[in-house]
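Working notes, structure below.
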Amino acid sequence: MIPLSWYLLLSAALFSLGVIGFLIKRNLITVFMSIELMLNGVNLSFVTFAHQWHLVKGQIFVFFVMVVAAAEAAVGLAIIIAIFRTRATLAVDRIDLMKL
Amino acid sequence: MHLVLFIVFAGLCLAGAINLLLQSHPINSALSLVVVMSSLAVLYLLLGAEFLAAAQVIVYAGAIMVLFTFVVMLLNAGREERTLGSRSAKAIGFPAVVAVLSVIATVILKAQGFTPVALSDNITSTADLSKVLFHELLLPFEVTSVLILIAILGAVALARPAHDERRGRTEAGK
Amino acid sequence: MTILQFFLWSLLKIIVVTVVLLMGVAYTVLLERKLVGRIQNRWGPSRVGPFGLLQPLADGAKSFLKEDIIPTAVYRPLYLLAPILSLGCALVSIAVVPFGSPNVQTDGGFRFFEISDVNIGLLVILGITSIGVYGIALSGWSSNNKYSLLGSLRSSAQLISYELALGLSLVGVVLRAGSLNLRSIVEIQSRHGILSWNLFGGFQFVAFFIYLMAAYAETNRAPFDLPEAESELTAGYHTEYSSMKFAMFFMAEYANMITVGCVATLLFLGGWTSPFGDLIPMPQVWILQAFVPIFWFVFKVFSFLFLYVWVRGTLPRFRYDQLMNFGWRYLLPLAILNIVGTSLWLAYK
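Those sequence lines, one after another, are chains S, G and C. The working numbering applies: residue 1 is where the first sequence begins, and numbers increase by one. The working numbering applies: residue 1 is where the second sequence begins, and numbers increase by one. The working numbering applies: residue 1 is where the third sequence begins, and numbers increase by one.
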């Protein structure tokens, strides 16, 4: 028997670690991974609340988040490949111009 | 039992997330993210969401992260470099994030009425999940399928080499 | 049943099943070498023991005793992790496979012939298989060798593409059973023997064909063995591996074949039930009641493995673009059509 708030704390911690990663990482792919980490943190709190209130809709929201994350990963990685093809770098500091 | 499982997998989760930040090579970060996602799947299982646990492993750990490692391998991404941007982001970002985290944590700890969870109470069966998904939330479900279609088209359009390049090399960007 | 008893029984089951599975892996290798030998009009292994039956032991001893070479340019942590991951994922998925009659149980309802009964057993197998991709992807990347990298890139792309067709081909079966639990899927096929198998009575032969193709591609077997195509990539993703680490990849491949065979047996061929249904009544001896279902299960799995070897001995290898075209343009739409057809049939039955 453990209190549900522990799950919420874990989810908050994961989200914050994601934010930190988003801020300090300089590799485009790792920055993108930090976003996935944030999404996962939020998902955990959705599942926790679904358990707390005995509502299935919370879980379905997580399902939708997964779908969106999959779509986002496909498009995002395609953008990363396109960027790498024109700039030959993945460092976010070097990708600072709108035009080549 | 629940306590032991929670501590083990929450610990794995946090360790993976911290390792993601510490590693400088993207492939190590990607693998630690896989660890985070797999242990999250176990936590979902502890919370009675068994279908979501499976979906988490199949979709996140098995498809999305494979795509990430695939791209890291394809672009042969090396170690990242330290730059001015990262130092300033560290200096300002860390305190801000810690402040936000502490605010959230106090709110969570102050909030009352959280029931404790025991092992395997209130398991949501796949049938229950699909009843709600296909009755009440049918429209959002259909809209996500459109979203995925658009994402596929966008990915194909982006990953394709530009028109003049295409004659030179075939299938180079796949 | 106390929790200690539960743990002891489970441990015993895990050990027995793992040992049997590893023996099965070893003898599948022998079966393949023998059969391919016969297909190519030669003997196959015949020197070690009677009919070459001790050949797997000799092979095992050989790979144990070989020098374990780690090339200097590899990325060590992942290079060492990859074979473990591969073999681990291949072995773990057997845990949810029920391989015998569920009626054989202790008083506490503890079943002997499956390690665990999970509500979402089918999804567990799919999930573990999808984690197994990392073993191959990482081995190729960390080897720091162009052949390995090409092999593993091909393999990851192939696995991701065919996983869709594989997953969708199983939906028809799941629709018919109304459950993701492997035991209930088998039980719905048990009534009239071969006629109520999903393959025939469930009209899932299209799904079975798609599953067969996708499974060959998922396990990197001929005619889809492009990741390790000898003639172009030396050995693909495990080029840089030697001795026991190579043996682990090898065992993982065969363990995956057995898992795929188990899933095909459970989902399409009626699992542990007899193909004759009630025509041959079950004898009243308890030991036969316990072991006849296991015999049918093993028989079906090995027939499936025989098909595997037969296909390998017969068909030439596809080209890579043909492979991708086949997966995306034919198998995937066919699988979706099968889902639509099955749903319509079930709705208006």
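Note that CB positions come from ideal geometry on N, CA and C, so glycine has one too. A quick note: this is a predicted structure, and the numbers were derived from the prediction, not measured.
Mind checking who residue i pairs with in its DSSP beta bridge?
i        : result
S/PRO3   : G/PRO116
S/ASN27  : S/ALA91
G/THR124 : G/ALA49
Any C-beta of chain G sitting closer than 9 Å to the C-beta of residue i?
i        : result
C/TRP141 : yes
C/ALA157 : yes
S/VAL42  : no
C/TYR134 : yes
S/LEU9   : yes
C/LEU149 : yes
C/LEU11  : no
S/LEU14  : yes
S/LEU37  : yes
C/ALA58  : no
C/GLU228 : no
C/LEU180 : yes
S/ILE95  : no
How many whole angstroms separate the CB atoms of residue i and residue j, which I take to be in contact at a CB cut-off of 8 Å?
i        : j        : result
S/LEU77  : S/ASN40  : Not quite, the Cβ-Cβ distance comes to about 17 Å (not below 8 Å), so this is no contact.
C/MET213 : C/LEU331 : 6 Å
S/SER45  : S/LEU8   : 6 Å
C/GLY167 : C/GLN204 : About 15 Å separates the two Cβ atoms, so there is no contact after all.
G/THR126 : C/LEU65  : Not confirmed; about 49 Å, so no contact.
S/PHE61  : G/ALA55  : Rounded, the Cβ-Cβ distance is 13 Å, inconsistent with contact.
C/PHE224 : C/GLN158 : 7 Å
C/GLY135 : C/SER86  : 3 Å
Can you give the Cα-Cα distance for residue i and residue j, rounded to whole angstroms?
i        : j        : result
C/TYR308 : C/GLU228 : 17 Å
C/PHE318 : C/ALA222 : 9 Å
S/ILE81  : G/VAL143 : 27 Å
C/THR18  : C/ALA255 : 11 Å
C/PHE113 : C/VAL97  : 9 Å
C/GLU163 : C/GLY132 : 12 Å
C/GLU32  : C/ALA335 : 30 Å
S/MET1   : G/HIS2   : 6 Å
G/ALA157 : C/ASP68  : 46 Å
G/GLU136 : G/ALA91  : 47 Å
G/ASN28  : S/PHE84  : 20 Å
C/ASN220 : C/ALA165 : 15 Å
G/GLN23  : S/PHE22  : 14 Å
C/SER148 : C/VAL74  : 11 Å
S/VAL65  : G/ALA155 : 19 Å
C/VAL20  : G/HIS25  : 40 Å
G/SER32  : C/PHE246 : 25 Å
C/THR28  : C/GLY270 : 22 Å
G/ALA172 : C/PHE299 : Confidence in G/ALA172 is poor, its pLDDT being 46 and thus under 50, which makes the residue's placement unreliable; the coordinate value appears in the next sentence. About 46 Å.
G/ILE263 : S/LYS25  : Residue numbering for chain G in the displayed model covers 1 to 174; residue 263 of chain G lies beyond these limits and cannot be assessed.
C/GLN5   : G/LEU5   : 20 Å
Please confirm whether residue i has its beta-carbon closer than 9 Å to some beta-carbon of chain C.
i        : result
G/SER24  : no
G/LYS174 : Since pLDDT at G/LYS174 reaches only 41, below the 50 mark, its modelled position is unreliable, and the value read off the structure follows with that caveat. Cβ-Cβ to chain C under 9 Å: yes for G/LYS174.
G/GLU50  : yes
G/GLY249 : Outside the modelled stretch of chain G, which goes from 1 to 174, sits residue 249 of chain G, for which no answer is possible.
G/LEU139 : no
G/ILE27  : yes
G/ASN19  : no
G/THR144 : no
Between residue i and chain S, is the shortest Cβ-Cβ distance under 9 Å, so that the two count as touching?
i        : result
G/VAL42  : no
G/LEU12  : no
G/ALA159 : yes
G/ALA151 : yes
G/GLU171 : The predicted position of G/GLU171 is uncertain, since its pLDDT is 48 and thus under 50; no value can be drawn from it.
G/ALA89  : yes
G/GLY62  : no
G/ALA30  : yes
G/ALA54  : no
G/VAL57  : no
Given 8 Å as the limit, tell me if residue i has its C-beta closer than that to any heavy atom belonging to the ligand HEM.
i        : result
C/VAL285 : Inclusion of the ligand HEM in the displayed structure is not the case, the ligand content being empty and no account of it being possible.
Along chain A, in chain order, which residues have C-beta atoms closer than 9 Å to that of residue i?
i       : result
G/MET37 : Given the protein chain composition of this structure (S, G and C), no chain A is represented.
For the region 83 to 100 of chain C and the region 240 to 256 of chain C, state whether three or more C-beta atom pairs, one from each stretch, are separated by less than 8 Å.
yes
Would the region 257 to 268 of chain C count as touching the region 61 to 81 of chain C if we require 3 or more Cβ pairs under 8 Å?
They do not touch, by the three-pair rule.
Between the region 35 to 51 of chain G and the region 39 to 48 of chain C, are three or more C-beta pairs nearer than 8 Å?
no
Using 8 Å as the cut-off, can you tell me whether the region 234 to 243 of chain C makes contact with the region 135 to 144 of chain C, which would need three or more C-beta pairs spanning the two stretches below that distance?
yes
Between the region 187 to 194 of chain C and the region 270 to 284 of chain C, are three or more C-beta pairs nearer than 8 Å?
These segments touch.
Assess, as a yes-or-no matter, whether the region 122 to 132 of chain C is touched by the region 48 to 66 of chain G under the definition of 3 or more beta carbon pairs within less than 8 Å.
yes
Do three or more CB pairs link the region 115 to 125 of chain C to the region 51 to 61 of chain G at distances below 8 Å?
yes
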